[in-house]
Amino acid sequence: MNNIPVVMIIFGGSGDLAHRKLYPALFNLYEQGLIRDNFAVIGTARRPWTHEYLREQVSDAIHETHKEVSENDVQAFVSHFYYQSHDVTNVEHYQALKELAQELDDRYSAQGNRIFYMAMAPRFFGTIATHINDQHLTSTGFNRIVVEKPFGRDLASAEKLNQQITASFAEDDIFRIDHYLGKEMVQNILPLRFTNPLIKNVWNSDNVKNIQVTLAERLGVEARGGYYETSGALRDMVQNHIFQIITLLAMPQPTDLTAKSIHQAKQELLDSLVMPTKEEIDQHFVRGQYLGSDTTFGYKQEPNVAEDSTTETFAAGQIKFQKGPVAGVPIYFRTGKEFREKESRIDIVLKHMSNPYGQAHSNNITIVIDPQMEIYITINGKKISTSGIRRENLDYTFAKSELAQVPDGYERLLHDVFVNDSTNFTHWSELKNYWKFIDLIEDAWHQDNQAGKKPVEYLPYRMGPKAADQIFDSATEHWIYD
Ligand code: NAD
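Just remember that the working numbering sits 2 ahead of the position in the sequence shown, which is counted from 1.
1. Do you know offhand how far PRO332's Cα is from GLN97's?
2. How would you call SER295, buried or exposed, if buried means at least 16 neighbouring beta carbons within 10 angstroms?
3. Please list, in chain order, all residues of the same chain as GLN303 whose beta carbon is under 7 Å from its beta carbon, the five residues on each side excluded.
4. Whole angstroms are fine: how far does the CA of LYS344 sit from the CA of TYR301?
5. How many Å lie between GLU432 and GLN269 at the Cα?
6. Quick one, which of ARG49, ASP39, GLY14 has its alpha-carbon nearest PHE127's?
7. What does DSSP give as the partner residue(s) for LYS384 in the beta ladder?
8. Please classify GLN34: is it buried, with 16 or more other beta-carbons within 10 angstroms of its beta-carbon, or exposed?
9. Just the C-alpha distance for ARG317 and LEU106, rounded to the nearest angstrom, thanks.
10. Between GLU94 and ligand 1, is there a pair consisting of the residue's CB and a ligand heavy atom that are separated by less than 7 Å?
11. Apart from the five residues just before and just after HIS82, which ones in its own chain have a Cβ nearer than 7 Å to its Cβ?
12. Would you kindly report the start and end of the unbroken alpha helix (DSSP H) that includes GLU281?
13. Measure how close the beta-carbons of ALA218 and GLY390 come, nearest whole angstrom, since I'm counting them as under 8 Å.
14. Sort GLN189, THR313, ASN203 by Cα distance to LEU259 and report the nearest one.
15. Determine the DSSP secondary structure at VAL215, reduced to helix, strand or coil.
16. Within the present structure, is the beta-carbon of MET122 separated from the nearest heavy atom of ligand 1 by less than 7 Å?
17. Work out the CA separation of TYR292 and VAL351 for me, nearest whole Å.
18. Reducing DSSP to helix, strand and coil, say where PHE126 ends up.
19. Determine the burial state of MET3: buried for a count of at least 16 other Cβ atoms within 10 Å of its Cβ, exposed for fewer.
20. Could you tell me whether the Cβ atoms of GLY2 and PRO278 are closer together than 8 Å?
21. Using a threshold of 8 Å, state whether the C-beta atoms of ASN357 and THR380 are closer than that.
22. Mind checking VAL240: buried by the 16 CB within 10 Å criterion, or exposed?
23. For LYS280, tell me which candidate among THR249, ASP445, ASP273, ALA169 has the shortest Cα-Cα distance.
24. When you compare the CB positions of ASP410 and GLU376, do they come within less than 8 Å of one another, or not?
25. Starting from THR368, follow the alpha helix (DSSP H) in both directions and report where the run begins and ends.
26. In the DSSP output, what is ASP148 paired with across the bridge?
27. Give me whichever residues DSSP pairs with ALA42 in a beta bridge.
28. Shorter than 8 Å from the beta carbon of THR142 to some beta carbon of chain D?
29. Where does PHE427 land, buried or exposed, given buried means 16+ other C-beta within 10 angstroms?
30. So who's on the other strand from ASP349, going by DSSP bridges?
31. Any contact between the region 243-250 and the region 169-187? By contact I mean 3 or more CB pairs, one from each, below 8 Å.
32. Is DSSP giving LEU221 helix, strand or coil here?
33. Between the Cα of TYR2 and those of ALA477, VAL80, SER346, spot the shortest distance and give me the residue it belongs to.
34. Between the region 188-203 and the region 429-443, do three or more beta carbon pairs fall short of 8 Å?
35. Have a look at PRO236 and GLU73 and give me their C-alpha separation to the nearest angstrom.
36. Say the cut is 7 Å; is the CB of ARG49 nearer than that to a heavy atom of ligand 1?
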């Protein structure tokens, strides 16, 4: 489908996300012809920018991400951009926005189609949704809304936000974005699982010992301490990205590849999510906070962080399902700031089987999501010229030329919003399950705080707190990525 007619409104048009991700992604979609003659983008923020100034910003954003680019194309593209100075908390400003959208709709023959993108601090999402509704900003064509993370900070606030949004938008028109679902290797999980007998036939509780998901960041909270204090690693990374990855790893095979079937298969799994008891949380979950070094601040010394903060910058834990191919198999996760290196990866650890050679290494299937993209399977073989067993990797890697073709996650997901494909977005019923689980853990940690049990401290630029090595079901389990 090409040349989709639409007026897109970006709330937060002067922000970091719009500049670094949305504008370059939209340009690529323009170059592909998905949006071409009949689209306009309105960037909004409080500052008194002009259309011209926004166009310069968009042009800069494209030049920063594209080495070789036709200046004519860039100029033609940015001519579709318009700026509206708009305070999202001021009701009257929505009327001016509505009028501009209508004017551009007529000028570009956009057929009454609207996409609203909330690229702003999450505390504004509810306000924007409310005023889209009470100021009647939706139009006569399709009306879709893209909501950035985080969607709420617990189940109650997520429910409230959802009500505010569903006042104007049907569930099928709400695109709750999780940019991990736009990543190449995350999108590779289902094809890997369901097209290879070699993998599919061992992807079950008879053969899988455990699954491990690590989303490790090298950086600390930097200037985002204020936001992070309201969030923490559990809400920032587990509630969305880690849960979505785990859902893809554990869901049953969908009947087909439609968005409906994929969400159904996910839901079937999530309905069987095991809610841990307080004792299980104490045993299988760890929260940590990074300390300082000679050259870096500890978390509590970061700007806008409370001196006695109990916010976790590291979280590890265990998730289990009662249904699906890996029912009952422990799925461990870890995420946090100031790890040794930035790496996002999944390790599927297969059970040992008895064999006449005695000790052999476990077979693992590893999917590296970031920064390199790679899948490898560790297998055993014969040592050359002796009788021992050696371990080797079967590698699935990408050529440089292939890597260059991999679209950014935001480009993929924006494409999907334009073509109305919600496969790689979070459905409300999925989100509800995620929040129920997260609320339970947050509640247990809150009780710990009251009892004087605080997050464990960990040294920066290693693999998080040592306590996270003790969360396993059995003594024979350990982190594969170490
Ligand atoms: P940002 O602070 O850079 O931008 C916020 C925007 O909101 C700016 O344009 C600012 O002018 C505008 N704004 C603030 N108050 C306003 C008001 N009252 N009325 C109108 N406009 C107002 O934030 P960001 O980094 O672009 O993040 C935006 C959203 O995207 C957040 O929900 C964030 O969690 C999410 N996100 C960002 C990134 C990223 O790489 N930046 C990645 C993933 C998700």
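Backbone N, C-alpha and C define an ideal beta-carbon position, used for all residues, glycine too. Bear in mind the structure is a predicted one, so any value in this text is a computation, not a measurement.
Looking at the atomic coordinates:
1. Each residue's alpha carbon lies about 52 Å from the other.
2. With fewer than 16 Cβ atoms within 10 Å of its Cβ, SER295 is classed as exposed.
3. The residues are GLY294.
4. When rounded, the distance between both Cα atoms is 18 Å.
5. So the two alpha carbons sit approximately 6 Å from each other.
6. Here the closest residue by C-alpha is GLY14.
7. Beta-bridge pairing links LYS384 to ILE391.
8. An exposed status is given to GLN34, since fewer than 16 other beta-carbon atoms sit within 10 Å of its beta-carbon.
9. Checking the sequence, you will find Ala at residue 317 rather than Arg. Using only the alpha carbons, I get a separation of about 47 Å.
10. No.
11. PHE41, ALA42, VAL43.
12. Here the alpha helix (DSSP H) through GLU281 covers 280-286.
13. With a beta-carbon spacing of about 33 Å, ALA218 and GLY390 fall beyond the 8 Å limit used to define contacts.
14. Of the candidates GLN189, THR313, ASN203, the one whose C-alpha sits nearest the C-alpha of LEU259 is GLN189.
15. Strand.
16. True, at least one ligand heavy atom lies under 7 Å from that Cβ.
17. About 29 Å.
18. PHE126: helix per DSSP, three-state reduction.
19. Around the CB of MET3, fewer than 16 other CB atoms lie within 10 Å, so the residue is classed as exposed.
20. Absent from the model: residue 2. The displayed extent of the chain is 3 to 484, so no value can be given.
21. It is not a contact, given that the beta carbons lie outside the stated cut-off.
22. Classification of VAL240: buried, given that the 10 Å Cβ count is 16 or more.
23. For LYS280, the nearest C-alpha among the options comes from ASP445.
24. Not a contact, by the Cβ cut-off of 8 Å.
25. Premise fails: THR368 lies in the beta strand (DSSP E), 366-372, not in any alpha helix (DSSP H).
26. Before going further, note that residue 148 is Val rather than Asp in the sequence given. Within the DSSP secondary-structure output, VAL148 pairs in a beta bridge with TYR119, PHE177.
27. ALA42 pairs with VAL9.
28. Protein chain content of the structure displayed is limited to a single chain, and chain D is not contained in it.
29. So PHE427 counts as buried.
30. In the DSSP output, where bridge partners are listed per residue, ASP349 has GLN214, THR368.
31. A contact exists between the region 243-250 and the region 169-187.
32. Three-state result, LEU221: coil.
33. Missing from the structure shown is residue 2; the chain here goes from 3 to 484 and no further.
34. No, because fewer than three Cβ pairs between the region 188-203 and the region 429-443 fall closer than 8 Å, the two stretches do not touch.
35. Sequence check: residue 236 is Leu here, not Pro. Looking at the two C-alpha atoms, the distance is approximately 44 Å.
36. Short note on ARG49: C-beta closer than 7 Å to some heavy atom of ligand 1.
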